[in-house]
Amino acid sequence: MKQIAILGSTGSIGRQAIDVITRHKDLYEAGLLTANDNWECLAKQALALEPDTVVIANKQHYTKLKEALSDKPIKVYAGSDAIDQAVSEGSIDIVLNAIVGFAGLSPTIHAVKANKTIALANKESLVVAGELINSLIGQYQSSIIPVDSEHSAIFQCLAGEFGNDIDKLILTASGGPFKDTPATDLAHVTKEQALRHPNWEMGAKITIDSATMMNKGFEVIEAKWLFGVGIEDIEVLVHPQSIVHSMVQFTDGAIKAQLGMPDMRIPIQYALSYPDRLESGFERLDFTRHPQLTFERPDMDKFRNLSLAYSAIRRGGNIPCALNAANETVVNAFLADRIGFTQMSDIIGHIIETIDHITMPTLDDYFETDRMARIKTTELIN
Ligand code: NDP
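The sequence shown begins at 47 in this note's numbering and counts up one residue at a time.
Below, the structure is given as C-alpha cells:
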C-alpha cells in the first residue's frame with residue numbers, strides 16, 4: 047500500500063488524482079491532502095479519504111477546517127511551511143505536486159531533499175528552478191515522474207531506450223481556443239473566450255496559459271530539464287485533436303509517439319504506478335472516430351509568449367523565473383479584467399528584458415527574482 051501526498055487536492059489535477067487512487071484502493075492511500083483556500087472541499091475530501099494529515103496553506107481557514115474534522119483522528123496544519131514539512135514525513139511514498147504556480151516550488155524542493163518519488167504536475171517548479179532541482183535530485187537520489195500529458199508521453203516513449211540517442215522531442219499543442227483567430231483580433235478577446243479550451247478541462251491559470259501558448263513555452267523548458275535535451279532539439283507542433291500527446295525521434299529517424307484520449311487521469315495513474323501499468327475503465331481511443339490527425343507549426347509571431355519562453359530559457363539563469371512571475375501576475379490581471387489579452391505578452395517581454403540577470407542563481411535568488419518581477423509587473427499593470 048503506497049501513501050500518496052496530493053498537494054493541491056482541491057484543484058483539477060488533485061481531484062482527478064483522488065479519482066485515480068479511489069479506483070485503486072488496494073494499492074494507494076491518501077496520506078496527505080493540501081489546499082490553499084478551499085477548506086470546505088478539503089474537509090470533504092478528508093472525511094471521505096481519512097488521510098493522516100491535511101494542510102491548508104491560507105492560515106485564515108485553519109479554525110474552520112480543524113472544526114470540520116474534529117471527529118476524526120486527522121492532523122490539521124496551516125501555512126506553506128507546514129506543506130513543506132508534511133511532504134518530508136517518512137510515511138509518504140509519492141508526492142503528487144498539483145499546486146499551481148510558484149507556490150509549488152518549495153514543496154518540490156522539500157520532497158526532493160526528503161528523497162521522495164515526485165509525480166510532478168506543477169511544471170512551474172522546473173520552469174523556475176530546473177537546473178537547481180536537477181542538481182538536488184543528483185545529490186539526494188530522488189526521482190521525478192512527469193504528470194503533464196506531453197512529458198508523460200515522452201517519458202513513456204523513452205521506456206526501454208536507455209543509452210539511445212535522441213534526435214529531437216516533438217511536443218504537441220492543441221493550439222488553444224485562438225488557433226484560428228486572426229492576430230489582429232487577439233487584442234479584443236475576452237477572458238470567457240480564453241477560458242473555453244477546446245479539448246481539456248483544467249484550472250483557470252493553465253487554461254489561460256494554453257490560450258496564450260505560454261503553457262507550451264513552459265513545457266519546452268520543462269522538457270529540457272526533465273530529459274536533458276537542448277532547446278534547439280525540442281520542436282512544438284500544433285495538433286488540434288490532442289490525441290498524439292507527444293513524440294520522440296531517435297537517431298535512426300524512427301519516431302515513437304504516445305496516443306490516447308485527452309484524459310489527465312491516464313498520466314496521473316501512470317506516474318503513480320510506474321513502471322507498472324494498471325487497468326483502467328477510462329474511455330479508449332477509437333481511431334475510426336478520429337480519422338484525421340493533423341499537425342502544423344505554431345505561429346510564433348501571433349503567440350508571442352511562446353517566443354518569450356524560448357528567449358527566456360536561452361538566456362537562462364533567473365530569467366525563466368522572472369518569466370513565470372510576470373506571467374502569473376498578468377494572468378491574474380487578465381482574469382480580473384484589468385488588462386487585455388495581448389498586453390500580457392507586452393508586459394512579460396518588458397520584464398524579462400529589464401530584470402537583473404543572475405546567471406547562476408541560488409534558491410534565495412529565485413525567491414528574490416520572483417518577488418521583484420511581481421512588483422515590477424504590478425507597477426506596469428497599474
Ligand atoms: P487548479 O487551479 O485547478 O488547482 C490548483 C491547486 O493548487 C488547488 O488545490 C489550490 O487550492 C492549490 N493552490 C493554489 N495556490 C496555492 C498556494 N499558494 N499554496 C498552496 N496551494 C495552492 O490547477 P490545476 O489542477 O489545473 O493545475 C495544477 C498544476 O498542474 C499546474 O502547475 C498546472 O500547470 C499543472 N497541470 C495541470 C493540468 C490540468 O489538466 N489541469 C495538465 C498538466 C499540468 P485551492 O483550491 O484551495 O485554491
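For every residue, glycine included, the Cβ atom is placed at its ideal position computed from N, Cα and C.
In the displayed model, A250 falls within a helix according to three-state DSSP.
Within its own chain, the residues whose Cβ lies closer than 8 Å to the Cβ of R242, once the five positions on either side in sequence are excluded, are P223, listed in chain order. Look at the segment 182-264 and you find these whole runs of alpha helix (DSSP H), each 4 residues long or longer: 195-204, 237-240 and 250-258. Taking 9 Å as the cut-off, the Cβ atoms of T388 and L283 do not count as close. In the displayed model, F296 falls within a strand according to three-state DSSP. For S126, the shortest separation between its Cβ and any heavy atom of the ligand NDP lies below 8 Å. Each of F380, A372, G395 and L426 was checked against the Cα of V174, and the nearest Cα belongs to A372. If you keep only unbroken alpha helix (DSSP H) runs of at least 4 residues inside the segment 80-157, you get 85-95, 108-114 and 126-133.
Residues I102, K105 and Y108 of the same chain have their beta carbon placed closer than 6 Å to that of A124, with the five preceding and five following residues left out of the count. The three-state secondary structure of E329, taken from DSSP, is coil. Listed as beta-bridge partners of A303 by DSSP are M293. Secondary structure of Q49 (DSSP, three-state): strand. Following the DSSP letters along the chain, one finds L339 in no beta strand (DSSP E), marked with neither H nor E. Membership of I164 in the beta strand (DSSP E) is indicated by the continuous run T163 to L166.
Taken through DSSP and simplified to helix, strand or coil, A379 comes out as helix.
In terms of side-chain proximity, the C-beta atom of T56 is found nearer than 8 Å to a non-hydrogen atom of the ligand NDP. Its Cα nearest to that of I216, the residue S195 stands out among S319, S152 and S195. Rounded to the nearest angstrom, the Cβ distance from S198 to Y316 is 6 Å, consistent with a contact under 8 Å. Note on L324: under 16 other CB atoms within 10 angstroms of its CB, so exposed under the neighbour-count rule. For Y74, the pairing in a beta bridge is given by DSSP as K48. Relative to the ligand NDP, E247 has its C-beta within less than 8 Å of a heavy atom.
Assignment of beta-bridge partners to E374 by DSSP yields no partner. Here A233 is exposed: its Cβ has fewer than 16 other Cβ atoms, across all protein chains shown, within 10 Å. Boundaries of the alpha helix (DSSP H) around V66: S58 to R69. For E425, the enclosing alpha helix (DSSP H) starts and ends at L409 to I427. Contact between the segment 119-134 and the segment 152-159 is present: 3 or more CB-CB pairs across the two stretches fall below 8 Å.
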